[in-house]
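Encoded as structure tokens, the structure appears first; notes follow it.
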Amino acid sequence: MATITLDKLTKRFGRTEVIHGIDLAIADGEFVVFVGPSGCGKSTTLRMIAGLEEVSGGQIRIGDRVVNELDPKSRNIAMVFQNYAIYPHMTVRQNIGIGLYTSKLDKDEKARRVEEAAKLLGLEPFLERRPAALSGGQRQRVAMGRAMVRDPVAFLFDEPLSNLDAQLRAQMRIEIKALHQRLGSTIAYVTHDQVEAMTMADRIVVMRDGHILQQGRPMDIYSNPVDVFTARFIGTPS
Ligand code: ADP
Ligand code: MG
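Letter by letter, the sequence shown follows residues 1 to 238 of the UniProt record's numbering.
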């Protein structure tokens, strides 16, 4: 796993600047949760880290390597979205294996990694099933398994649980957190769910209008929110 450093990171779409020079260091193994109103730049920040969006100014480093010019594959960062794409005609084994489709690993190593991921995610009994025979939470885990088999240096999650019902969300929160502890992964996680932020984060980063407004441990943000939005967000039960 690795540190992720953002140094005066800026993003413009055309003439409009939407990220205004963000500085942030995510430590090796740290679980950082981004919160903030819709449109404040959370997804754009994650997409720049993943290499899905070009950087307009500043620097992104993974470990001590500047990755601004690297394509997403060479960064080896796993991104898990809310609308995960799993293929209905393929089994769980095949759907996870897609993560290694372009990999040069040999066949046995690929198979071993798929099984290892399935085991970690509790999907071993379902390896030969198709998605139609899985629950929403199991499908979400298949998407995570596909990201895990590449042995990524970090995971980025963009509202991964927002399509799940409350009970599944609660269960997945616990599972993702447990996985983080087991793998020691570096994680950047976007959510609009205050329970997720409070229970999963080592550190919460509050964004507003393309800036970082406030950051700190969940309890510090909770007891000392910098403004009304943050107070409402952190303080209101879901
Ligand atoms: P969030 O994830 O916090 O809701 P986004 O990162 O998606 O916010 O968006 C940040 C800002 O950038 C918004 O004003 C949004 O409209 C704008 N934006 C995002 N993607 C694009 C794009 N591809 N083209 C133009 N503007 C965009
Ligand atoms: Mg978003």
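Yeah, the Cβ is synthetic: ideal placement off N, Cα and C, and Gly gets one too.
Query raised in the report: Counting by C-beta, which residues lie closer than 5 Å to a heavy atom of the ligand ADP, in chain order?
Result: Ordered along the chain, the selected set is 13, 18, 38, 39, 40, 41, 42, 43, 44.
Query raised in the report: Just to check, is the beta-carbon of residue 209 closer than 7 Å to a non-hydrogen atom of the ligand MG?
Result: As a first step, residue 209 is located in the sequence shown; it is residue number 209 there, counting from the start. Within 7 Å of the C-beta of residue 209 there is not a single heavy atom belonging to the ligand MG.
Query raised in the report: How would you call residue 88, buried or exposed, if buried means at least 16 neighbouring beta carbons within 10 angstroms?
Result: Here residue 88 refers to the residue found at position 88 when the sequence shown is read from its first residue. Residue 88 comes out exposed.
Query raised in the report: With 16 as the cutoff for other CB atoms within 10 Å, does residue 101 come out buried or exposed?
Result: Here residue 101 refers to the residue found at position 101 when the sequence shown is read from its first residue. It is exposed - the Cβ of residue 101 has fewer than 16 other Cβ atoms within 10 Å.
Query raised in the report: By Cβ distance below 6 Å, which residues in the same chain neighbour residue 39 in space, the five residues on each side in sequence not counted?
Result: Locating residue 39 in the sequence shown gives position 39, counting from the first residue. Answer for residue 39: no residue qualifies.
Requested in this report: Could you name the residues that DSSP lists as bridge partners for residue 57?
Outcome: In the sequence shown, residue 57 corresponds to position 57, counting from 1. Note: residue 57 sits in a beta bridge opposite 10.
Report task. For residue 191, count neighbouring Cβ atoms within 10 angstroms of its own Cβ and tell me buried if that reaches 16, exposed if not. Result -> On the sequence shown, position 191 is the one that residue 191 refers to. With 16 or more Cβ atoms within 10 Å of its Cβ, residue 191 is classed as buried.
**Report entry** At least 3 beta-carbon pairs within less than 8 Å: the stretch 179-190 vs the stretch 9-16
**Finding:** Touching, no, given that fewer than three Cβ pairs across the two stretches are closer than 8 Å.
Report task. On the DSSP bridge assignment, give the partners of residue 87 in chain order. Result -> For this step, residue 87 is matched to residue 87 along the sequence shown. BP columns for residue 87 are empty, so no partner.
Query raised in the report: What three-state label does DSSP hand residue 220 in the structure shown?
Result: The residue labelled residue 220 in the question sits at position 220 within the sequence shown. Taken through DSSP and simplified to helix, strand or coil, residue 220 comes out as helix.
Query raised in the report: Are the CB atoms of residue 68 and residue 62 nearer to each other than 8 Å?
Result: If you number the sequence shown from 1, residue 68 lands on position 68. If you number the sequence shown from 1, residue 62 lands on position 62. In terms of Cβ geometry, residue 68 and residue 62 do not form a close pair [threshold 8 Å].
Query raised in the report: Which residues in the same chain as residue 72 place their Cβ atom closer than 7 Å to its Cβ, once the five residues preceding and following it in sequence are excluded?
Result: Residue numbering aside, residue 72 sits at position 72 when the sequence shown is read from its first letter. Cβ neighbours of residue 72 beyond the five flanking positions: 50, 51, 52.
**Report entry** Stretch-stretch touch, CB-based, cutoff 8 Å, three pairs: the stretch 133-141 with the stretch 160-171
**Finding:** The answer is yes - the stretch 160-171 touches the stretch 133-141, with three or more Cβ pairs under 8 Å.
**Report entry** Distance, residue 199 Cα to residue 237 Cα
**Finding:** For this step, residue 237 is matched to residue 237 along the sequence shown. For this step, residue 199 is matched to residue 199 along the sequence shown. Because the pLDDT at residue 237 is just 45, under 50, the model does not fix this residue reliably, and the value given afterwards should be weighed accordingly. CA-CA distance, residue 237 to residue 199, rounds to 13 Å.
Query raised in the report: Do residue 123 and residue 142 come within 8 Å of each other at the CB atom, strictly closer than that value?
Result: Walking along the sequence shown from the start, residue 142 turns up at place 142. Walking along the sequence shown from the start, residue 123 turns up at place 123. A Cβ-Cβ contact shorter than 8 Å links residue 142 with residue 123.
Query raised in the report: Fully enclosed by the stretch 21-49, which beta strand (DSSP E) runs are 3 residues long or longer?
Result: Counting only runs of 3 or more, we get 31-35.
Query raised in the report: Less than 8 Å separating the beta-carbons of residue 46 and residue 205?
Result: Mapped onto the sequence shown, residue 46 falls at position 46. Mapped onto the sequence shown, residue 205 falls at position 205. Not closer than 8 Å, so no.
Requested in this report: In the DSSP assignment, find the beta strand (DSSP E) that holds residue 154 and state where it starts and stops.
Outcome: Position 154 of the sequence shown holds residue 154. For residue 154, the uninterrupted beta strand (DSSP E) run begins and ends at 154-158, by DSSP.
Query - 8 Å CB neighbourhood of residue 91 in its chain, flanking five on each side removed - result: Mapped onto the sequence shown, residue 91 falls at position 91. Excluding sequence neighbours, residue 91 sits near 127, 128, 129, 130.
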